[in-house]
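Visitor: The structure follows.
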Amino acid sequence: MVSRRVSRPAAWLVLVAPLGCLSCRDKPKPAEPSPSASASAAPAPVLPRCVEVSPGASFVIGKPSSQKPEEDQALDLPFAVELGRAASLDSGFLVTALRSVGGESHAMLASLNRDASGGRLLELGRVHGDVDPPLVAAGKGRVFVGVADHDASSAIVRLASISKASSDPQITWGALPQIGGDESEVFDLALGQERGVLAYDDYKKSDGHSSVWTLTFGLDDPSKITPPRVVSLKGQDVEAPKLAVRPGGFWLAWIAHSKLETPSKPDQKNIDLESLVELGTRWLELVKLDENGVRVGEPLKVSASEGHVLVFSLISGPDGSAWLAWRDDATSPGVERRAVLLARVDASGSKTDLKIEDERVGAGVPNLLQVTPATKQAAWLGLGTASDRTSFLALGPDFKPVEDLDNDPLVGPAELLAARGDEVLLGKPQGLASELSVLRCTPRYGSAGQGNPVEDEEEPEVPVAPSATPSSF
């Protein structure tokens, strides 16, 4: 396992100005400055990593509201624009959103030019129930969206293809696959060479656990879908599937659960508060799918089976490997580990582990953004922090951090949504609206590991899964 401690970079420059005699022969030469005096000189500020692609350029979804006290802003949250997934194109960016229109939730797709100085909004229709924003997937000149919704009996996904996404977006609606009758509307989609795949979880009472299912759809006709099939192991409780493209098919990851043993008659007088939030042990598993969404081999356990995985992110590495980042926290209320775990898995199942520790890491999803085309950097890792400022770092094609974790004044609390080359799409709330902008960010190459050490926290070390590989992976 590669374990690193990452903190704020310490690029301090000490400027020492030697003093000399100014042509005065009868005056003694001034003493040389002492080392302690030189060391106390004010350090030069660390230069920012990001600049605006076009100063002042941004695209706003919704109508910005006037500044209000924090308590009033909280009342607006249910009606605020909620940003979803983003994708990069040669001509710009795409990002999905949910927006309240006349008291109803409507799905949107924003198509932006390269600097977010202009764009268009495409209406994706009203959605019913408490659902997440739509998902967008792009590849090989094609764009698809999946809109979570409900019909009379089940959660569904409204599939659609988008043509002329960067100029004059046109939408072609397709199939309405059902993704289960439980409370979960979690799904993901990705586009392969010949077909697209959609993965979702579904709890069936007859099974007593949740399973992960896949179906595929035609890239030329979104109305043609295959019957769904179970891809998780029989009897295993799994949820929250995520997809990424790999050569010859797809990567699929999910969170697996242990089975909790609940006492038939709990002692009401001695209720342990921690048991109220105890979800059992939870770990990450990764499996390969072929182009038809069929599982190839057995799932690989990526994280420790005695862990407590909360959220995770999955992307494809520049060599087709799977890159994952996740949070693993104890079940005690209010306790958060100040660490993010990462793993790289290649096609053979060989795994490289990485831990990034920082005292500022707070709650939220560790967000991996694939950089295309990959050069000296292959991905960004964005993290919410305890100070509500987004910190991020760049990963090289070899999966190693090229710099220390840090924030940037131009990024502030904004969320990193998508990346193309050295350009990063950001999203941040503006009252009831959301503002999108593009920055050009350059990593501080060679600075990784040069920051100040982080104090050890008094908590158990997060266990790391062994790199053993099933023979059938």
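Position in the sequence shown (first residue = 1) + 43 = our numbering.
By construction, the Cβ of each residue, glycine as well, lies at the ideal position given by its N, Cα and C atoms.
For GLU328 and PRO98, what's the separation of their Cα atoms in angstroms?
Guide: Indexing the sequence shown from 1 puts residue 328 at position 285. Indexing the sequence shown from 1 puts residue 98 at position 55. Using only the alpha carbons, I get a separation of about 43 angstroms.
Visitor: So what's PHE187 in DSSP terms, helix, strand or just coil?
Guide: Along the sequence shown, read from residue 1 onward, the residue named residue 187 stands at position 144. DSSP places PHE187 in strand when its eight states are reduced to three.
Visitor: In the DSSP output, which residue or residues are listed as bridge partners for PRO472?
Guide: Start at 1 with the first residue of the sequence shown, and residue 472 comes out as number 429. SER477, per the DSSP bridge assignment.
Visitor: Helix, strand or coil, according to DSSP, for PHE122 in the structure here?
Guide: Position 79 of the sequence shown holds residue 122. Helix, per DSSP.
Visitor: Do GLU458 and GLY474 have their CB atoms nearer than 8 angstroms?
Guide: On the sequence shown, position 415 is the one that residue 458 refers to. On the sequence shown, position 431 is the one that residue 474 refers to. Going by C-beta atoms, GLU458 is not nearer than 8 angstroms to GLY474.
Visitor: What are the boundary residues of the beta strand (DSSP E) that includes ASP333?
Guide: Start at 1 with the first residue of the sequence shown, and residue 333 comes out as number 290. Element bounds for ASP333: 325-333.
Visitor: Along the beta strand (DSSP E) that carries PHE136, what are the first and last residues, could you check?
Guide: Position 93 of the sequence shown, counting from 1, holds the residue named residue 136. It spans 135-144 - the beta strand (DSSP E) in which PHE136 sits, taken as one unbroken run.
Visitor: Quick check: ALA368 and PRO416, are their CB atoms within less than 8 angstroms of each other?
Guide: Taking the first residue of the sequence shown as 1, we reach residue 368 at position 325. Taking the first residue of the sequence shown as 1, we reach residue 416 at position 373. Not in contact: ALA368 and PRO416 (Cβ atoms no closer than 8 angstroms).
Visitor: Going by other Cβ atoms of all chains shown within 10 Å of its Cβ, with 16 needed for buried, is LYS247 buried or exposed?
Guide: On the sequence shown, position 204 is the one that residue 247 refers to. Burial call: exposed.
Visitor: Please identify the residue among PRO456, PRO486, GLU478 and VAL481 whose C-alpha is closest to the C-alpha of LEU448.
Guide: For the purposes of this step, residue 448 is identified with residue 405 of the sequence shown, where counting begins at 1. That would be PRO486, whose Cα lies nearest to the Cα of LEU448.
Visitor: Which of helix, strand or coil does DSSP assign to VAL339?
Guide: One-based indexing of the sequence shown puts residue 339 at position 296. Note: VAL339 maps to strand in three-state DSSP.
Visitor: Quick one, are the C-beta atoms of GLY292 and GLY235 less than 8 angstroms apart?
Guide: Position 249 of the sequence shown, counting from 1, holds the residue named residue 292. Position 192 of the sequence shown, counting from 1, holds the residue named residue 235. Contact flag set, yes.
Visitor: Determine which residues share a DSSP beta bridge with SER148 and list them.
Guide: As a first step, residue 148 is located in the sequence shown; it is residue number 105 there, counting from the start. According to DSSP, which records beta bridges pairwise, SER148 is partnered with SER143.
Visitor: Quick one: residues in its chain with C-beta nearer than 6 angstroms to the C-beta of LYS267, no 5 flanking neighbours on either side, listed in chain order?
Guide: As a first step, residue 267 must be located in the sequence shown, where it is residue number 224. Within the same chain, LYS267 has close Cβ partners GLY261.
Visitor: Near VAL124, which residues of its chain fall below 6 angstroms by C-beta distance, leaving aside the five closest residues on each side in sequence?
Guide: Sequence index remark: in the sequence shown, residue 124 carries index 81 (1-based). Closer than 6 angstroms at Cβ, skipping near neighbours: ILE104, GLY105, ALA140, ARG142, ALA476 and SER477.
Visitor: Tell me which residues share the same chain as CYS93 and place their Cβ nearer than 7 angstroms to its Cβ, disregarding the 5 neighbours each side in the sequence.
Guide: For the purposes of this step, residue 93 is taken as residue 50 along the sequence shown, with counting starting at 1. Excluding sequence neighbours, CYS93 sits near ASP451, LEU453, VAL454, LEU482, ARG483 and CYS484.
Visitor: In chain order, which continuous runs of the beta strand (DSSP E) of length 3 or greater are located wholly inside the segment 167-229?
Guide: Listed in chain order, they are 178-182, 185-193, 198-206 and 213-216.
Visitor: Let me check understanding here. Comparing Cα to Cα, which of THR433, LEU460, ARG387 and LEU468 lies closest to GLY439?
Guide: Along the sequence shown, read from residue 1 onward, the residue named residue 439 stands at position 396. Closest option to GLY439, Cα to Cα, is ARG387.
Visitor: If you follow the beta strand (DSSP E) that ARG43 is in, where does it begin and where does it stop?
Guide: Residue 43 cannot be examined here, being either before or after the span of the chain that is shown, 44 to 516.
Visitor: If you measure between the beta carbons of LEU164 and ALA153, is that distance less than 8 angstroms?
Guide: Along the sequence shown, read from residue 1 onward, the residue named residue 164 stands at position 121. Along the sequence shown, read from residue 1 onward, the residue named residue 153 stands at position 110. Yes. Within cutoff.
Visitor: How is ASN156 classed by DSSP in three states: helix, strand or coil?
Guide: Position 113 of the sequence shown holds residue 156. Here ASN156 sits in strand by DSSP.
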